[in-house]
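Chains as they are written, first to last, in our numbering: chain Z, 1 to 382; chain G, 1 to 397.
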């Protein structure tokens, strides 16, 4: 058992931390988020140049030979800097599908992803689907060797910036069936794709995406019956998202402690009040436990299916709770100042709040964990 | 980073499991969660481990420790928890011994460490006083120098299992004029010395686990002073950090959750096993998830210790979360047994009945354990004190 980072991972972290410090300060981020585009393609190019987009891929796939731990390192730093660029959507999610795709798909898409040329978004959620990955009204009907996609995908994060979408759609079965979940690569400029773009509350950009008789060829098919793959890739994304939350929690805690040391009330820095000290101690504990859970979930991604799913859900539950607690308490301790848009703390709070519902909230994952435990016990009893 | 056990570690687990299977005393099976055992019962496994050289996994090898890695120690505690083994009590092995081998002189090491390792000498802790619990530095017991002796006067309390103790380690004030945390000394006391009186305190679960210890003109040779006079506070803090690092109790809580699952599948609600009801199943899930977070936090701590960092203020996290989980576990267990949480098994024992308890066997001590475990957030520096430590030592507030 070993909890050390490799030299390469430490290097990635340090150079990324420097980049964020120098070019991603809070005021710059605010301006970018409020700008027309809402992100910086030139920042994306720098991430590519630093090797971040290649870090988690094997060398055969054109990557630097890393894996989920490298993604974890990047995401934690992104969480610290409240980075909006779609690393999770492009590298972890789309990359997670593409690296398991055909040779042709890898040569075409993965190479362009790693170089920073193509940006992806993952269109999986639907207006009524909530967090169930199999709850799909979107259909992909076979027509010769092609597929014709129809449907409406909800809150597709990063879609306004994306050149391509990874889309889940039903190739067979009834709504919510485990069987018949297809995965497709769709260029965003394909005929019949329309989007309605908007900002999200945590400073990102997302779209409602509509598919009207969108026809894709066989080269767009990642899988026709692939719920297992979708679950594997989203579990990888959950681990990465947890790492982002850890980064955000660490900064939220540090800013809160700093604020409590300087802000005076009744002639005393409020950090001297024991009730607030204990609350900040609890915030620290929540963040540390979140780091532990992120390591755990990341290190178990390659274990058997049940162990992997339980680990991802357990981490998401703990981090959803921790993030909400840390966010809420950080605002409370900042008092009125915490309510202002001008201070960074509110933006950490908003991001942490959104992370809870991204890829399944506490209730969803507590249920998933419980169902998996029950299945586990039933198997053991046989 | 990886979670895999090496072939050597897997072999080690086998070796440990076999040793426990072959050597753990049959008569102690099932007693691992009880507080009201005899001295012999408490020490039996410790003595077997002492002969094997396995009674002090965390000590340095040169003093009789095992030289195990942190992963091996983790495996060791898991394997013991599998059979609910009664582990060596902490007072000797994990509390006073590290102070003796770190700050004591050669004579003290030679005299005391062998008896601690073998389990022949029982130690108790003389820290708390009626007016000084978590505010330990306000203690009043005095040790006044008189020639080659210290003369001790005062009253200690919550002296755990002192009724069985051969020796005690006491914090006493040697310089009353010094500031609160200075002027305290760490003194080893033979509990047979005249002037020591140990009086039982009965706890809410009906057990006699702790005592009041009265010291009246107790004459202790000066060679029993550990380290320097008036520097006891440093050693006391060192000891508390060591105590905390073992306090998470992850392996034992894991075993407790297994028990809870088994109870919840035997108990029913409207004809459905309790474990299949959404409400209760999610309570267990939440507890298990919290325990996983604690487990990986402990593993990170162990890894950092293996890299040469001593137990620092981070061990307060283990204390707080470990004890909260132990409490929650006993609370859910009591909840699971329903009506049969009410009969007082020890009361029936006292009334001379041959049969202990009514209802399912697993319900017998559910309430007692719940009541008893409330102590965990109070002792070893209350959880409020642990939060003070985190806020001051780590956050700098």
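Cβ coordinates follow ideal geometry from the N, Cα and C atoms, glycine included.
Just so it is clear, the structure is predicted and the values come from calculations on it, not from any experiment.
Secondary structure within the stretch 100 to 181 of chain Z: the alpha helix (DSSP H) runs of 4 or more consecutive residues, fully enclosed, are 111 to 114 (chain order). For residue 318 (chain Z), at least one C-beta of chain G is nearer than 8 Å to its own C-beta.
Contact holds between the stretch 196 to 215 of chain Z and the stretch 35 to 52 of chain Z, because three or more Cβ pairs, one in each stretch, are under 8 Å apart. Within the model, the alpha-carbon separation for residue 331 (chain G) versus residue 79 (chain G) is close to 25 Å.
Residue range 227 to 262 is occupied by the alpha helix (DSSP H) that includes residue 253 (chain Z). For the options Z:308, Z:14 and Z:160, the alpha carbon positioned closest to that of residue 209 (chain Z) is the one of Z:160. For residue 2 (chain G), the neighbours in chain Z by C-beta distance under 8 Å run, in chain order, 1, 2 and 299.
Taking C-alpha positions only, residue 175 (chain G) is separated from residue 166 (chain G) by approximately 27 Å. Residue contact with chain Z for residue 12 (chain G): absent (no Cβ-Cβ distance below 8 Å to any residue of chain Z). Neighbours of residue 93 (chain Z) in chain G, taken as residues at a C-beta separation under 9 Å, are lacking, since the least C-beta distance is about 22 Å.
Take the alpha-carbon of residue 54 (chain Z) and the one of residue 325 (chain G): they are about 41 Å apart.
At a cut-off of 8 Å between C-beta atoms, residue 73 (chain Z) does not count as an interface residue with respect to chain G. In the structure shown, residue 337 (chain G) falls within a helical segment according to DSSP collapsed to helix, strand and coil. Nothing from the stretch 43 to 61 of chain Z brings a Cβ to less than 8 Å from some Cβ of chain G. Within chain Z, the residues 277, 278, 281 and 282 have their CB atoms less than 8 Å from the CB of residue 387 (chain G), given in chain order. A Cβ-Cβ contact shorter than 8 Å links residue 205 (chain G) with residue 372 (chain G).
The stretch 239 to 248 of chain Z makes no contact with the stretch 169 to 187 of chain Z: fewer than 3 CB pairs, one atom from each, lie closer than 8 Å. According to the DSSP assignment, residue 114 (chain G) belongs to the alpha helix (DSSP H) that extends over 106 to 118. For residue 35 (chain G), the closest alpha carbon among the candidates G:346, G:358, G:394 and G:360 is that of G:346. About 5 Å separates the beta carbons of residue 218 (chain G) and residue 193 (chain G), which is inside the 8 Å limit, making them a contact pair. Annotation: the continuous beta strand (DSSP E) that includes residue 185 (chain G) extends over 184 to 190.
Around the beta carbon of residue 128 (chain G), 16 or more other beta carbons sit within 10 angstroms, so the residue counts as buried. Contact of residue 346 (chain Z) with chain G is not assigned, every C-beta pair being separated by 8 Å or more. If the five residues before and after residue 73 (chain Z) are omitted, its C-beta is found closer than 6 Å to the C-beta atoms of 9, 12 and 13, all from its own chain and listed in chain order. About 5 Å separates the Cβ atoms of residue 81 (chain G) and residue 255 (chain G), confirming a contact at the 8 Å cut-off. In the structure shown, the three-state DSSP call for residue 16 (chain G) is helix. By the criterion of at least three beta-carbon pairs nearer than 8 Å, the stretch 4 to 19 of chain G is not in contact with the stretch 339 to 354 of chain Z. Between the stretch 91 to 103 of chain Z and the stretch 131 to 139 of chain Z, the count of C-beta pairs closer than 8 Å stays below three; the two stretches do not touch. Straight-line spacing of the CA atoms in residue 268 (chain Z) and residue 7 (chain Z) works out to 45 Å. Following the DSSP letters along the chain, one finds residue 222 (chain Z) in no alpha helix (DSSP H) but inside the beta strand (DSSP E) bounded by residues 221 to 223.
When the Cα atoms are used, residue 179 (chain G) and residue 231 (chain G) turn out to be separated by approximately 12 Å.
Around the beta carbon of residue 235 (chain Z), 16 or more other beta carbons lie within 10 angstroms, which makes this residue buried. Under the three-pair Cβ rule at 8 Å, the stretch 327 to 344 of chain Z counts as touching the stretch 253 to 265 of chain Z.
Of all C-beta pairs linking the stretch 262 to 276 of chain G to the stretch 196 to 205 of chain G, fewer than three are shorter than 8 Å, placing the two stretches out of contact. Close to chain Z, meaning a Cβ-Cβ distance shorter than 9 Å, are the following residues of the stretch 268 to 286 of chain G: 275, 276, 278, 281, 282, 284, 285 and 286. Counting other Cβ atoms within 10 Å of its Cβ, residue 38 (chain G) stays below 16 and is therefore classed as exposed.
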